[in-house]
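K.L.:
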Amino acid sequence: MDNEAWAGYKAIGERIQEAVAATGKKRAVVIVECYPGVRQDEIVAGLADSLASALILRSEDAALEPSQVDHIVERYMTDDRVFGYMAPFRIDEFYDPARVEAMRRQLDEAENGIAIVIGFGASLIAEGDVVVYADLARWEIQQRYRSQEIGNWRTNRVENDILRLYKRGFFFEWRMADRLKKSLLGKVDFYLDTNVKDAPKMVTRQALFAGFAQTAIRPFRLVPYFDPGVWGGKWLEANIELPKREHPYAWGFDGVPEENSLYFQYGDVRVELPAINLVFFESIKLLGERVYARFGAEFPIRFDFLDTIGGGNLSLQVHPTVEYIREQFGMSYTQDESYYILDVEPGAEVYLGLKDGIEPEAMLADLRKAEKGGFTFPAEKYVNVYPTDKHDHFLIPAGTVHCSATGCMVLEISATPYIFTFKLWDWDRLGLDGRPRPVHVDHGSKVIDWSRLTDWTTSQCVNRIDKVNEGEGWTEERTGLHELQFIETRRFWFSEPVLHEANGSVHMLNLVEGEEATVESPTNAFEPYVIRYAETFIVPASVNAYTIRPSGPSAGKTVGVIKAFVRE
């Protein structure tokens, strides 16, 4: 399907013009449905030369007034900078029926030629003779928020706080847009990648879904991105060969399908699309029937990096229980997680669990006093501190107080609701924006499990590593997660090819030791796939079996991977 992809507005406009001509209609309607954040003015201007239109309608002129939208969604947004409540809305609830009807009359009365309807909700105005879906990745939306190029959809509130912008996107706009996307994308004519300014790519629906089908039966990686933070370190820059930034990199994300993107290659045209699209449209092949039955079209596992080597401590924090996250935020599962220590510098430590004999009321009083300022919270008085080394694994069930201290390169393996961190203490510092980072002691006080004291934490959460299998040239170990968590992790050390078999769940893996390894199919079901140190990759549940062997500079040496999947 290499001939079903186009780059640049001239080629894209000409192809849409051909599709219009193929309808045989003297008056044709082109619908350009847009994900919130798409540069609509760019699309209109870009298509102007090659797609002469008699009428251009902005569908959002038929939407409710911003003040009305604000009023409807207000209770879901809350006054908090970070947390809202998952909103249940559909896009049609925010369009005025009278305005929609008036816009439809404009289309009916239009002269011969092409009418373009563009916007978030454009598909509500007319079915269209040619339908284009314009999309972009969540990470790109965030960059447009940060640069203040865009704000939130249909609001009177002028906002420059990235946390509040993200909150409204996460809890309201993106949920509504995803519902529309899932219902519409299988019926459009073309898919338009608008991630890069003035460099659009377009593919046919058939080519797009062929890409989904191919990806869901083979190993693949997501497009990574990296972000600076107040506690950022030096490891990511040095080991991932990243460009220098004013502030050091704190996070690395290459295992978060809700925010990462995918590249699909069609001949000379590389299309970038949100990885969540694959989850939506190849759910069972990707996730497995059992995982899909439990979570629906959501990817429940997340891998990311937290770099404090040469940096600072993470915030002291805790994650909500399932009951609390469901009642307070409308989420169906919580952010259980673990710290796999990929690398360390001397003196590295992890804070985990509470010390014996502490008084909860005293700890909370000190946290609230520190939150007000002028008082440094004595973390070591209340929280266990464990020295750590490379390849240690710390399990962190929801409700457990924790924090990676300076000197750690953490591969965080967790469930996906990744913004639900209640910061308890942030070490007397400001964020990169010069503002105090949000602290949520009130939320945290309601979910801390005060029974997770030293003995429990040490026996249940620190290096619970058991050998479960071995063969010639390989060893398999269970490293977690805790029995209270739904994710299972296995670590493999191997100098010879080791076989991995399907177990009803998608697999997410990372090469934690060694320079290179190759993933292969015993039946040649997919081409060999090369991975390198610290790279995360995904093997869909539809892959019945695969092997991994040391390759390239690691051939003949012992390498290591860690694998996560949903426990039965």
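At position 383 of the sequence shown (counting the first as 1) the number is 374 in this note's numbering, and the numbers step up by one without a gap.
Ideal Cβ positions, reconstructed from N, Cα and C, are used throughout, including at glycine.
In its own chain, which residues sit with a C-beta less than 7 Å from the C-beta of Ala198, not counting the 5 before and 5 after it?
P.N.:
Closer than 7 Å at Cβ, skipping near neighbours: Met(-8), Glu(-5), Ala(-4), Tyr257.
K.L.:
Straight-line CA distance for Arg137 to Lys172?
P.N.:
Distance between the alpha carbons of Arg137 and Lys172: 25 Å.
K.L.:
Find the nearest neighbour of Ala2 within the set Val91, Gly160, Ala190, judged by alpha-carbon distance.
P.N.:
Of the listed residues, the one whose Cα sits closest to Ala2 is Ala190.
K.L.:
Quick one: using the 10 Å Cβ neighbour count with 16 as the cut-off for buried, is Asn147 buried or exposed?
P.N.:
The residue is exposed, with fewer than 16 neighbouring Cβ atoms inside 10 Å.
K.L.:
Using C-beta distances below 7 Å, list every residue in its chain close to Gly279, excluding the 5 sequence neighbours before and after it, in chain order.
P.N.:
Here the set comprises Gly495, Ser496, Val497, Ala532.
K.L.:
On the three-pair Cβ rule with 8 Å, is the stretch 329 to 343 touching the stretch 427 to 437?
P.N.:
The stretch 329 to 343, when compared against the stretch 427 to 437, does not touch it at the 8 Å Cβ threshold.
K.L.:
Three Cβ pairs or more, each shorter than 8 Å: is that satisfied between the stretch 305 to 320 and the stretch 268 to 283?
P.N.:
Segments in contact, no.
K.L.:
Say yes only if the C-beta of Ser306 is nearer than 6 Å to one or more non-hydrogen atoms of the ligand SAH, and no if none qualify.
P.N.:
Although the ligand SAH was asked about, the structure shown includes no ligands whatsoever.
K.L.:
Would DSSP call His62 helix, strand or coil?
P.N.:
Looking at His62 - three-state DSSP - the assignment turns out to be helix.
K.L.:
Measuring alpha carbon to alpha carbon, tell me which residue in Asp126, Arg81, Ser50 is nearest Ala117.
P.N.:
Of the candidates Asp126, Arg81, Ser50, the one whose C-alpha sits nearest the C-alpha of Ala117 is Ser50.
K.L.:
Under 8 Å by Cβ, that's how I've got Asp245 and Thr527 pegged, so tell me the actual separation to the nearest angstrom.
P.N.:
Between Thr527 and Asp245 the Cβ distance is about 5 Å, and since that is below 8 Å, they are a contact.
K.L.:
Please list the segments of the beta strand (DSSP E) lying wholly inside the stretch 91 to 148, counting only runs of 3 or more residues, in order along the chain.
P.N.:
104 to 110, 121 to 126, all fully within the stretch 91 to 148.
K.L.:
Can you grab the Cα-Cα spacing for the pair Glu467 / Glu474, in whole Å?
P.N.:
Glu467 and Glu474: Cα-Cα distance of roughly 19 Å.
K.L.:
Quick one: complete beta strand (DSSP E) runs, 3+ long, within the stretch 439 to 514?
P.N.:
Runs of the beta strand (DSSP E) inside the stretch 439 to 514: 457 to 462, 465 to 471, 478 to 485, 489 to 492, 498 to 504, 507 to 511.
K.L.:
For my contact list, Val376 and Val392 are in at a C-beta cut-off of 8 Å; report their separation, rounded to the angstrom.
P.N.:
With a Cβ gap of about 12 Å, Val376 and Val392 do not count as contacting.
K.L.:
Take the Cβ of Ile456 as the centre, count every other Cβ of all protein chains shown within 10 Å, and call the residue buried at 16 or more, exposed below.
P.N.:
With fewer than 16 other Cβ atoms within 10 Å, it is exposed.
K.L.:
Give me the Cβ distance between Thr299 and Ala396, rounded to the nearest whole Å; I'm assuming they're in contact under 8 Å.
P.N.:
Right, their Cβ atoms sit about 7 Å apart.
K.L.:
Quick one: what's Trp(-3) bridged to in DSSP?
P.N.:
Looking at the DSSP assignment, Trp(-3) forms a beta bridge with Met193.
K.L.:
Leaving out the 5 sequence neighbours to the left and right, which residues in its chain are closer than 8 Å to Lys548 when beta-carbon positions are compared?
P.N.:
Around Lys548: Ser486, Gly505, Pro541.
K.L.:
Is the beta carbon of Arg196 sitting closer than 7 Å to the one on Val221?
P.N.:
No, these two residues do not count as a Cβ contact at 7 Å.
K.L.:
With distances taken between CB atoms, is the gap from Ala406 to Pro291 smaller than 7 Å?
P.N.:
Yes.
K.L.:
Buried or exposed: where does Pro248 fall if 16 or more other Cβ atoms within 10 Å of its Cβ makes it buried?
P.N.:
Pro248 is buried by the Cβ-count criterion.
K.L.:
May I ask you to report which of helix, strand or coil DSSP gives His393?
P.N.:
Note: His393 maps to strand in three-state DSSP.
K.L.:
Would you be able to state if there are at least three C-beta pairs under 8 Å between the stretch 157 to 177 and the stretch 29 to 49?
P.N.:
No, the stretch 29 to 49 does not touch the stretch 157 to 177.
K.L.:
Could you have a look at Gln319 and say whether DSSP puts it in helix, strand or coil?
P.N.:
Of the three classes helix, strand and coil, the one that applies to Gln319 here is helix, per DSSP.
K.L.:
Would you call the stretch 17 to 27 in contact with the stretch 106 to 113, where contact means no fewer than 3 C-beta pairs closer than 8 Å?
P.N.:
As far as the Cβ criterion goes, the stretch 17 to 27 touches the stretch 106 to 113, which means the pair count is three or higher.
K.L.:
Look at the Cβ atom of Ala53, then the Cβ atom of Asp120, and state whether they are nearer than 7 Å.
P.N.:
No, these two residues do not count as a Cβ contact at 7 Å.
K.L.:
Quick check on Phe366: buried or exposed, where buried means 16 or more other Cβ atoms within 10 Å of its Cβ?
P.N.:
Flag for Phe366 reads exposed.
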